[in-house]
Amino acid sequence: MTAESLSPPARIAIVGAAVVIVLAGIQVATPILGPFLVAVFFAMITAPIMTWLTRRGMPPVLAAGTVVVGLIGVLSGVIAFLGVAFTGFIRSLPQYQASLEAQAAVLADYGIDPGSFTVWDYIDQGFVIQQVAGLARQIGNIAVDAFIVFVGIGFLLLEAPRLAAALARRLGPQSSPYRHFSQSSQLLIDYVVVRTKVNLITGVGTGLFLTLLGVDFAVLWGFIAFVLSYVPYIGLVVAAIPPTLLALIEFGPAGAVAVVAAVALIDAAAENLVLPRMAGRELNLSPFVVLFSVIFWGFVLGAVGVFLAIPLTIAVKLLNCSGGSMSDLIAIAYDGEDTAFRVRDRLVQLTKEHVIELEDLVVAVHHHDGKTEIKQAANLAGMGALSGAFWGLLIGLIFFAPIFGLAIGAIAGAVSGRFADYGIDDKFIKEVAESVGPGNSAVFLLVKKITPDKVVDAIREYGGRVVRTSLSDAEETNLRDAFGAGTAAKAEVPPPGA
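Here it is, written out as structure tokens:
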């Protein structure tokens with residue numbers, strides 16, 4: 000029995016069972032997998048520093064050691080700063096007694112008697128002592144994990160050049176999988192850089208506002224906002240709790256409301272205005288996907304998953320886009336507004352004949368009035384919603400009881416499918432369509448598999464000129480020649496990922 004002989008429901012059931020088993024295994028292996036993922040993450044983002052040092056004559060072992068020592072120094076500085084800041088904060092707690100009494104008087108005016116109860120009436124002191132002891136034990140575990148992470152970073156930095164060379168030899172330096180791997184690594188580094196810049200805006204903005212308002216320890220709260228903003232949306236909410244409570248004690252409800260409003264405004268501006276401008280479309284995820292990623296990876300990997308949720312999601316997205324062979328983009332411009340539609344219909348027919356397999360097929364028309372019309376051949380959003388519904392259903396079964404999991408998972412998956420970014424980016428399509436001139440049109444193909452000579456022969460009669468591709472220079476030249484000179488494309492022209 001082969002995979003092709005199985006019915007679609009059977010395939011879905013097998014894939015679903017495999018995913019559940021894999022996720023369960025990941026969750027069990029989190030104590031080992033967590034430090035490893037952290038080491039891989041920091042090795043990737045510090046690899047450019049390692050390369051810079053080795054190019055200037057530093058031996059690889061010394062360069063890797065320098066990077067690791069630098070990371071240890073940064074971490075030590077952060078711990079020292081937080082220790083000093085929190086020590087000062089704890090010492091200042093008695094000073095807030097008068098403010099608390101003033102707030103208690105305000106509550107008394109509304110008929111609430113704060114003196115009728117104490118916090119300790121509702122706290123099990125034995126439980127508190129137990130938690131403190133547990134925290135002390137966790138510090139030892141954290142130290143061991145940190146040692147593993149730093150050692151892992153050093154070895155990964157040393158092995159990275161050999162790994163890249165081995166991949167280049169096995170896959171070929173010009174092959175699509177190797178190019179995709181290189182681009183994916185760079186995209187993850189770009190994400191960290193962009194995320195750090197946005198977090199600086201968030202942290203500095205929060206700290207400055209708290210300073211202007213007069214909230215104590217504004218620098219500390221701004222730094223915490225910077226760090227926790229690596230967890231989008233959720234992190235800044237958590238970071239805003241201490242300064243909000245402190246503003247409530249110092250300035251009353253008006254101060255607390257001001258802090259909440261300012262942090263919400265800063266977060267909205269950073270996530271919805273600054274981040275989309277800095278990040279490319281490959282790094283730009285919908286808010287739903289971001290929140291779902293944080294929850295999902297946090298459930299699977301714990302605290303490590305929460306902080307690495309977006310890099311892990313981007314990595315999965317890039318891996319899914321590669322699918323083992325990287326799809327190639329081809330944009331062909333045509334004279335006339337209806338020519339591209341006829342080409343599209345012919346390409347759809349070719350897909351039924353298994354001459355070409357497309358991940359996306361879009362027609363764009365630049366009308367004489369200057370407006371651009373975009374028409375997609377297939378309802379990819381609908382198919383994505385169905386796929387998202389299945390995976391959401393599966394995750395729902397993991398998170399909740401079966402009945403609630405079915406409902407909640409299906410809804411979440413459908414919404415995810417609705418808002419996920421499928422196919423060719425609309426902004427890119429519009430940009431290219433506007434460049435072909437009024438009264439003309441263009442066809443955009445995201446090609447997975449193709450028989451080049453048959454496809455070129457089938458659509459050559461419509462004319463057209465190749466205006467944009469993701470092919471190599473040699474492949475693109477061959478394709479342009481096939482359209483321009485009326486010769487059949489050579490067999491190696493696309494196929495993507497070959």
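Residues 0 to 497, numbered by our numbering, are exactly what the sequence shown covers, in order. By construction, the Cβ of each residue, glycine as well, lies at the ideal position given by its N, Cα and C atoms. Predicted model, so just to flag it, every value in this text is computed and none were measured.
Proximal residues to residue i (C-beta, below 7 Å), its chain only, five neighbours per side dropped
{"i": "Gly265", "result": "Residue identity differs from the one stated: residue 265 is Ile in this sequence, not Gly. So the qualifying residues of the chain are Thr201, Gly204 and Thr205."}
{"i": "Arg479", "result": "Val465"}
{"i": "Thr243", "result": "Ala255, Val258 and Val259"}
{"i": "Ile428", "result": "Val361, Ala363, Ile373 and Phe443"}
{"i": "Gln334", "result": "First, the amino acid is wrong: residue 334 is Asp here, not Gln. These residues qualify, in order along the chain: Asn439 and Gly462."}
{"i": "Ala164", "result": "none"}
{"i": "Leu207", "result": "none"}
{"i": "Val237", "result": "Leu227"}
{"i": "Thr350", "result": "Glu356 and Leu357"}
{"i": "Val303", "result": "Gly33, Leu36 and Val37"}
{"i": "Leu52", "result": "Ala62 and Thr65"}
Cβ-based neighbour list, residue i, same chain, cut-off 6 Å, excluding 5 preceding and 5 following
{"i": "Ser434", "result": "none"}
{"i": "Leu464", "result": "The identity of residue 464 in the sequence shown is Arg, whereas the question assumes Leu. So the list reads Ala332, once near-sequence residues are dropped."}
{"i": "Ala246", "result": "Val214, Gly254, Ala255 and Val258"}
{"i": "Ala84", "result": "Leu219"}
{"i": "Thr210", "result": "Ala217"}
{"i": "Asp144", "result": "Pro34"}
Cβ pair residue i, residue j closer than 9 Å
{"i": "Phe306", "j": "Tyr232", "result": "no"}
{"i": "Pro59", "j": "Gly151", "result": "no"}
{"i": "Val289", "j": "Ala308", "result": "yes"}
{"i": "Met277", "j": "Val226", "result": "no"}
{"i": "Arg467", "j": "Leu328", "result": "yes"}
{"i": "Ser469", "j": "Glu336", "result": "no"}
{"i": "Val66", "j": "Gly153", "result": "yes"}
{"i": "Val454", "j": "Leu311", "result": "no"}
{"i": "Phe250", "j": "Leu199", "result": "no"}
{"i": "Leu235", "j": "Ala224", "result": "yes"}
{"i": "Val354", "j": "Ala457", "result": "yes"}
{"i": "Ile248", "j": "Tyr95", "result": "yes"}
{"i": "Gly64", "j": "Ile48", "result": "no"}
{"i": "Thr499", "j": "Ala330", "result": "The first residue shown for the chain is 0 and the last is 497, placing residue 499 beyond what the model contains."}
{"i": "Val197", "j": "Ala269", "result": "yes"}
{"i": "Pro451", "j": "His367", "result": "no"}
{"i": "Phe222", "j": "Leu81", "result": "yes"}
{"i": "Glu356", "j": "Ile449", "result": "yes"}
Exposure label - residue i; buried when at least 16 CB within 10 Å
{"i": "Ile254", "result": "Checking the sequence, you will find Gly at residue 254 rather than Ile. So Gly254 ends up on the buried side."}
{"i": "Ala17", "result": "exposed"}
{"i": "Gly87", "result": "exposed"}
{"i": "Ser292", "result": "buried"}
{"i": "His365", "result": "buried"}
{"i": "Leu272", "result": "exposed"}
{"i": "Ala155", "result": "Looking at the sequence provided, one finds Leu at residue 155 rather than Ala. Buried, since its Cβ has 16 or more Cβ neighbours within 10 Å."}
{"i": "Ile313", "result": "buried"}
{"i": "Ala12", "result": "exposed"}
{"i": "Val148", "result": "buried"}
{"i": "Gly323", "result": "Interpretation of Gly323 is limited by its pLDDT of 47, a score under 50 that renders its predicted location unreliable; no figure is taken from the coordinates."}
{"i": "Ala9", "result": "exposed"}
{"i": "Phe295", "result": "buried"}
{"i": "Glu474", "result": "buried"}
{"i": "Ala261", "result": "buried"}
{"i": "Phe40", "result": "buried"}
{"i": "Ala515", "result": "Residue 515 lies beyond the stretch modelled for the chain, which goes from 0 to 497, so this question has no answer here."}
{"i": "Leu162", "result": "exposed"}
Neighbourhood of residue i by C-beta, 8 Å cutoff - its chain only, sequence neighbours within 5 removed
{"i": "Pro160", "result": "Pro59"}
{"i": "Met57", "result": "Thr65"}
{"i": "Leu157", "result": "Pro59, Val60 and Ala63"}
Which complete alpha helix (DSSP H) runs does the segment 42-99 hold, if anything under 4 residues is left out?
59-91
Is the number of C-beta pairs between the segment 296-312 and the segment 20-31 that are closer than 8 Å three or more?
Yes, the segment 296-312 touches the segment 20-31.
Counting Cβ pairs closer than 8 Å, one from the segment 184-198 and one from the segment 39-51, do we hit at least three?
yes
Would you check if the segment 338-355 and the segment 72-83 touch, i.e. whether three or more CB-CB distances between them fall below 8 Å?
No, the segment 72-83 does not touch the segment 338-355.
Identify every run of the alpha helix (DSSP H) within the segment 205-246, keeping only runs that are complete inside it and at least 4 residues long; order them along the chain.
217-227
Which full runs of the alpha helix (DSSP H) of 4+ residues lie inside the segment 340-378, going along the chain?
none
Could you tell me which whole alpha helix (DSSP H) segments of length 4 or greater appear in the segment 418-488?
425-434, 451-458 and 472-484
Quick check for students: name the residue ranges of the beta strand (DSSP E) that lie wholly in the segment 288-338, counting only runs of 3 or more.
327-334
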